[in-house]
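Chains as they are written, first to last, in the working numbering: chain P, 1 to 111; chain H, 1001 to 1116.
C-beta: ideal position from N, C-alpha, C; glycine also.
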C-alpha cells in the first residue's frame, strides 16, 4: 500500500533560520514525489518535484528537497526562512494510477 | 495560458438545493482532478479523470455527488441535494498526462461553497 506521511502538522521558525519540513513515503513502485505550497485563500502551487532523476531537487523560492530511498524520505528544506514562506505545505506521491497527499504542514515564521 | 479556471469563486446556497461547480482545465492537459478541502478533513481527492474518463472516483462521498467531463475542456461537480456538511473549498486541478507519469498538477483558485 502507498502512503505519504508528513511528520509535523505545524512548524514554527524564526525569520532567517533554516526550515525543515519532513515527509516520509511508502510505495511498492518508484514514486514521483512533489511538494506543493498553499498560501491563505489560494490554490496549491508546485514547489518542486522528484521523478527518478537527480536525488537533490531544487525548487522555487530557494526551497530544495532530497530523495533518500534508504530512509524513504523526501524532506523539504530552505536555508533561511522569509516571512513570505508562511503557508501550508503538502507532500504528495504518485505511482501507477494513484496519487496520495500528505496531511499538510503549516509553517509559521516568527519575526 | 490562463491556468485552470473555476466558477463560481464563491457559492452560498440553502440546504437541499442543487449546486454545480465548473472547471476549465489548461488546454492540452488530459487529466483532471476534483478536490475538497476542509479544516476537519484536510485536502481530499474526490475524483480523477484521464482523457475524459473517470479513473478513480473512490473519494466521492456519496450518491449526492456526481462529476462529469463531457469534453477535454470542461468538467462539472454537482451536489444534489446539498447539505451543510458539504461546505468546503473545492479545487479543480489539471495535469499534462496521467497520474504516475511524473507530471505535476496545476490547481485552480477554488470555489468556496457555503451551505446554510
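Check, Outcome
"For residue 62/P, which option in 107/P, 6/P and 18/P has the closest C-alpha, if you only look at C-alpha atoms?", "18/P"
"Measure the CB-CB distance between residue 1093/H and residue 1033/H and report whether it falls below 8 Å.", "yes"
"Relative to chain P, which residues along the stretch 1055 to 1081 of chain H have a C-beta separation below 7 Å, given in chain order?", "1055 and 1056"
"Quick one: is residue 1028/H near chain P, going by C-beta distance under 8 Å?", "no"
"Would you say residue 70/P lies against chain H (beta-carbon separation less than 8 Å)?", "no"
"In chain order, what residues of the same chain lie with their CB nearer than 6 Å to the CB of residue 45/P, ignoring the 5 residues before and after it?", "37"
"Exposed or buried, which one is residue 1063/H when buried takes at least 16 other CB atoms within 10 Å?", "exposed"
"So residue 1104/H contacts chain P; which residues on that side make the cut at Cβ distance below 7 Å?", "34, 46 and 49"
"Taking CB distances under 8 Å as the criterion, tell me whether residue 1046/H reaches chain P.", "no"
"Classify residue 1088/H: buried if its beta carbon has 16 or more other beta carbons within 10 angstroms, exposed otherwise.", "buried"
"For a quick check, are the C-beta atoms of residue 82/P and residue 23/P less than 8 Å apart?", "no"
"Could you work out which residues of chain H lie near residue 86/P, taking near to mean beta carbons separated by less than 9 Å?", "Per Cβ cutoff of 9 Å: no residues; residue 86/P is ~17 Å from chain H at best."
"State the DSSP-derived secondary structure class of residue 62/P, mapped to helix, strand or coil.", "helix"
"Quick check on the DSSP output: what are the complete beta strand (DSSP E) runs of length 3 or more inside the stretch 49 to 109 of chain P, in order along the chain?", "56 to 58, 64 to 68, 73 to 78, 87 to 95 and 98 to 101"
"Within the continuous beta strand (DSSP E) that includes residue 1068/H, where are the two ends?", "1065 to 1071"
"Can you name the start and end residues of the beta strand (DSSP E) that residue 1036/H belongs to?", "1031 to 1038"
"Below 8 Å between beta carbons is the criterion; list the residues of the stretch 96 to 108 of chain P that meet it against any residue of chain H, in chain order.", "96, 97, 98, 99, 101, 103 and 104"
"Provide the residue span of the beta strand (DSSP E) that contains residue 1086/H, from first to last.", "Note, residue 1086/H: premise wrong, no beta strand (DSSP E); not H, not E."
"In terms of residues, what are the limits of the beta strand (DSSP E) holding residue 1043/H?", "1042 to 1050"
"Just to confirm the assignment, what range does the beta strand (DSSP E) spanning residue 6/P have?", "3 to 6"
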